[in-house]
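Remarks on the structure that follows.
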Amino acid sequence: MQLSMRCDEEAVNRKWVACQKRRKRHPADLAMDIKKAFVNYYHIDVTAAAPVDALGFLGPHPLIASEPNSSSELPTAIVDRLAEVATGSEIDRLRINEMELSDAALRQIANCLRSSECRVRLLSFELTSFSSVTPNELLRFVLDVAPTDLVFRMVRGCTQEHFGREMCRFIITRRFFSVSELVDAQSNDVPLSIDDVLLNELSASTFQMAAPNAITVDGLRSLVKAFANGTKTLVAGSIKTSFPLKGIAFPFSGKAKLQIENEKIINISSIAAT
Numbered sequence: 121m122q123l124s125m126r127c128d129e130e131a132v133n134r135k136w137v138a139c140q141k142r143r144k145r146h147p148a149d150l151a152m153d154i155k156k157a158f159v160n161y162y163h164i165d166v167t168a169a170a171p172v173d174a175l176g177f178l179g180p181h182p183l184i185a186s187e188p189n190s191s192s193e194l195p196t197a198i199v200d201r202l203a204e205v206a207t208g209s210e211i212d213r214l215r216i217n218e219m220e221l222s223d224a225a226l227r228q229i230a231n232c233l234r235s236s237e238c239r240v241r242l243l244s245f246e247l248t249s250f251s252s253v254t255p256n257e258l259l260r261f262v263l264d265v266a267p268t269d270l271v272f273r274m275v276r277g278c279t280q281e282h283f284g285r286e287m288c289r290f291i292i293t294r295r296f297f298s299v300s301e302l303v304d305a306q307s308n309d310v311p312l313s314i315d316d317v318l319l320n321e322l323s324a325s326t327f328q329m330a331a332p333n334a335i336t337v338d339g340l341r342s343l344v345k346a347f348a349n350g351t352k353t354l355v356a357g358s359i360k361t362s363f364p365l366k367g368i369a370f371p372f373s374g375k376a377k378l379q380i381e382n383e384k385i386i387n388i389s390s391i392a393a394t
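According to the working numbering, the sequence shown is numbered sequentially starting from 121.
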């Protein structure tokens, strides 16, 4: 199990189970505080010269495994630590990785963030299972956390209900989103409930849609036209279609650049004004 947060500051890139405090501090000082907290809490021997990689701390650690808790809930130690570091903070990246998630676990995280009045920029689910998560609870969780950016990548145990219209509407109205490699219990691809109507509501300026969807040629043309004429704001976007793109004519202007990749992937990017 990995419940991690990431902080990037001034060309220093470290992975921490912590959050970025929105106050000016030297990255080395912040790293030392986080290192001390986890070394003291889990009694882990870490040399002072080595930067802490808290992702490893939250793997199958014996102290966590031996702690009494329901199989559907997060260990108390994790929740307590999350509450401590989240208080008065703004989390840059909250990554929920390599977990057999449950409704109870999502409620624990959401309640912790809510009680701490903690905001989240990027919420990411990666290498995670939704087998024990109900669609309603997943939707409630992302609405509660209300991240600015959202990622779903290599998630198993999905159903189409997990990515119904309300979830997809929330996803496409983030500033940035990326959705890819969603599979069910039998490893079949799970589609997004994004059709031409929802695509017209897309407001993300940067996105990747690499999961199956119900977008048609006409819907894709309309989106490209909106980017080309400046109706929608674009930095960069990528959509994997259910149809071959060869031979399809798209609106063109000096504001957007198109690139076709592997016959069914269209990459769209803005052209900076000169």
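We treat Cβ as the ideally placed atom computed from N, Cα and C, and that holds for glycine. All figures in this text were calculated on a predicted structure; none of them were measured in a lab.
message: Tell me the DSSP secondary structure of residue 301 in three-state form.
response: strand
- prompt: Is there contact between the region 257-273 and the region 239-248, where contact requires at least three CB pairs shorter than 8 Å?
  reply: yes
message: Please classify residue 201 as buried or exposed, where buried requires at least 16 other C-beta atoms within 10 Å of its C-beta.
response: buried
- prompt: Do the CB positions of residue 346 and residue 375 come within less than 7 Å of each other?
  reply: no
Counterpart residues of residue 275 in DSSP-defined beta bridges: 248 and 302
message: Cutting at 8 Å between CB atoms, please list the residues of its own chain near residue 318, excluding the five before and the five after it.
response: 285, 288, 289 and 292
query: In three-state DSSP terms, what is residue 390?
result: strand
field: Backbone CA spacing between residue 278 and residue 236 [nearest angstrom]
entry: 30 Å
task: Consult DSSP for residue 235 and reduce its assignment to one of helix, strand or coil.
output: helix
- prompt: Can you tell me whether DSSP reads residue 290 as helix, strand or coil?
  reply: helix
task: Evaluate residue 167 with the Cβ neighbour count: other Cβ atoms within 10 Å of its Cβ, from every protein chain shown; 16 or more gives buried, anything less gives exposed.
output: Residue placement at residue 167 is flagged as unreliable, the pLDDT there being 28, under the threshold of 50; a coordinate-derived value is accordingly withheld.
task: May I have the straight-line CA-CA distance separating residue 272 from residue 245, to the nearest angstrom?
output: 5 Å
task: State buried or exposed for residue 372, treating a residue as buried only when at least 16 other CB atoms are found within 10 Å of its CB.
output: exposed
message: Within 10 Å of its beta-carbon, does residue 195 have 16 or more other beta-carbons around it, so buried, or fewer, so exposed?
response: buried
- request: Determine, using beta carbons only, whether residue 218 and residue 258 come nearer to each other than 7 Å.
  value: no
field: C-alpha distance - residue 274 paired with residue 303, whole-angstrom precision
entry: 8 Å
query: Just to confirm, are residue 390 and residue 354 a CB contact at a threshold of 7 Å?
result: yes
message: If contacts are defined as beta-carbon pairs under 8 Å, then residue 296 and residue 324 qualify, I think. What distance do you get, rounded to the angstrom?
response: 6 Å
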